[in-house]
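With the first letter of the sequence shown counted as 1, position 248 gets the number 710 in my numbering; the numbers rise by one all the way through. These notes concern the structure reproduced below.
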Amino acid sequence: MPVDIDKLTSYYAEGGHGVALSDIDLKRVPRHVSIIMDGNGRWATARGLDRSKGHVAGVDALREAVTTSVRLGVEVFSVYAFSTENWRRPKREVDLLMHLFATTLVNELPLFHQENVRLLFFGDLTRLPERTRKVFQRGLDETADHTGMVFALAVNYGSRAEIARAARELAEEVAAGALSPDEIDEDALSSRLYTAGLPDPDLLIRTSGEMRLSNYLLWQLAYTEFYVTNTLWPDFSRWDYLKAIASYQARSRRFGGVVSR
Ligand code: FPP
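This is the structure in C-alpha cells:
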C-alpha cells in the first residue's frame with residue numbers, strides 16, 4: 463500500500479519511546495499483520511475498575527492500531543475480537559462486548575471512509591445479536607468498494623470450526639459432482655476459508671504475554687512470525703507496533719527453505 467511519508471513522519475515525530483521510525487525499513491513492512499488483543503480484563507482489574515472498562519479502553523487501542531496500520535502501508539490488518547469460546551464469559555460481559563462492537567463500528571465508519579479502509583469479518587456472524595449483525599452488514603456494504611487497507615475483525619471465530627466448514631463445503635461440492643477429490647489441494651481449502659483471497663499473516667502479535675494461539679488462524683499462520691509482548695492490549699501504542707515490526711524485520715524468514723538474504 464502506498465505510504466504518505468509526511469503523515470507518517472509527523473505521526474511518529476515524538477521521541478523517547480525506545481524506538482523510532484528510522485528503526486524500520488518501510489520497503490519491508492509486513493503485508494498482513496494480525497493481532498490477538500489480550501489483557502483488557504487485567505488492565506482494568508489492575509486499576510480497580512470493572513472489566514468492561516478494559517474493553518472500552520481496548521477500543522481506543524484498536525483505533526490507534528488501525529490508524530498505524532494504514533500509515534505504515536499494511537495491506538491487511540486483522541484482529542481477534544471474539545472467539546467461539548468467549549460465549550462462556552458472564553452474560554453481562556458478552557452483552558457489553560456485542561454492544562461495544564456495534565457502537566464502535568458505527569462510530570468508526572467515518573474513519574474507514576476517510577482512510578479508504580475495507581471491512582471484512584472472519585467468523586460465523588449468524589449467532590450474533592440482531593443489532594450487531596445489522597451494523598456489521600452496514601459496515602460491509604458501506605466499505606465494499608474501498609480500495610485501501612483491508613481491516614478484518616474475527617468475531618465468533620474459531621479456527622477448527624472454520625477448517626471443518628471448509629471441508630464440509632468441499633465434500634458437498636464433491637457429492638454434487640462439481641469437484642473431484644483429486645482437485646482438493648491446499649489452494650482449494652484456502653479458498654473456502656474466511657481469509658480467501660487474502661495473503662497469510664506475515665506477523666502475528668499477541669499482547670499480555672500469553673504464548674498461545676487460542677484457536678486463531680491455525681491454517682493461515684503456518685509460516686507467520688510471532689511477536690509476543692507483555693504490554694496489555696489497552697496500553698498497546700503506535701510505538702509498540704513499531705517495535706513489533708522492527709523485531710519482525712530482524713528475522714530471516716525461510717519458509718522451510720534456506721536463508722534468502
Ligand atoms: C481480550 O482481553 C479482549 C477481548 C476478548 C475482546 C477484545 C475487544 C476489544 C479490544 C474491544 C473492541 C473491539 C472491537 C472489535 C470494537 P481479555 O478480556 O481476555 O483480558 P484478560 O485476559 O486480561 O481477562
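For glycine and all other residues, C-beta sits at the position ideal for the given N, C-alpha and C.
DSSP places Arg668 within a strand segment (E or B) once states are collapsed to three. When Cβ pairs closer than 8 angstroms are counted between the two stretches, the stretch 693-706 is seen not to touch the stretch 556-573, the count staying below three.
Annotation for Arg504: the continuous alpha helix (DSSP H) segment containing it runs 502-508. Distance from the CA atom of Ala626 to the CA atom of Leu683, rounded to whole angstroms, is 17 angstroms. DSSP places Leu567 outside any beta strand (DSSP E); the residue lies instead in the alpha helix (DSSP H), whose first and last residues are 553-576. Contact check for Ile497 and Val541: beta-carbon distance about 5 angstroms, within the 8 angstroms limit, so the pair qualifies. Taking 3 residues as the minimum length, the beta strand (DSSP E) runs contained wholly in the stretch 577-661 are 580-584, 612-619, in order along the chain. If one requires a minimum length of 3 residues, the beta strand (DSSP E) runs lying completely within the stretch 468-553 are 494-498, 538-545, in chain order. The ligand FPP approaches Met499 closely enough that one of its heavy atoms is under 8 angstroms from the residue's Cβ. With 16 or more other Cβ atoms from the protein chains shown falling within 10 Å of its own Cβ, Asn502 counts as buried. Two segments are said to touch when three or more pairs of C-beta atoms, one from each, lie closer than 8 angstroms; by this definition the stretch 573-582 touches the stretch 603-622.
The stretch 567-575 and the stretch 640-658 do not touch, with fewer than 3 CB-CB distances between them shorter than 8 angstroms. Per DSSP, Tyr678 is not a residue of any beta strand (DSSP E), being assigned neither H nor E.
Look at the beta carbons and you see the stretch 587-598 not touching the stretch 650-662: under three pairs across the two are nearer than 8 angstroms. Spanning the alpha carbons of Ala712 and Lys469 requires a straight line of approximately 25 angstroms. In this structure, the CA atom of Val636 is about 12 angstroms from the CA atom of Ala628. Boundaries of the alpha helix (DSSP H) around Tyr710: 700-711.
Not one heavy atom of the ligand FPP falls within 8 angstroms of the beta-carbon of Asn578. For the options Val521, Thr546, Asp607, the alpha carbon positioned closest to that of Leu587 is the one of Thr546. Excluding sequence positions up to five before and after Tyr710, its CB lies within less than 8 angstroms of the CB of Pro492, Asp664, Leu665, Glu687, Tyr689, all in the same chain and listed in chain order. Gly520 is a Cβ neighbour of Pro696, given a cutoff of 9 angstroms.
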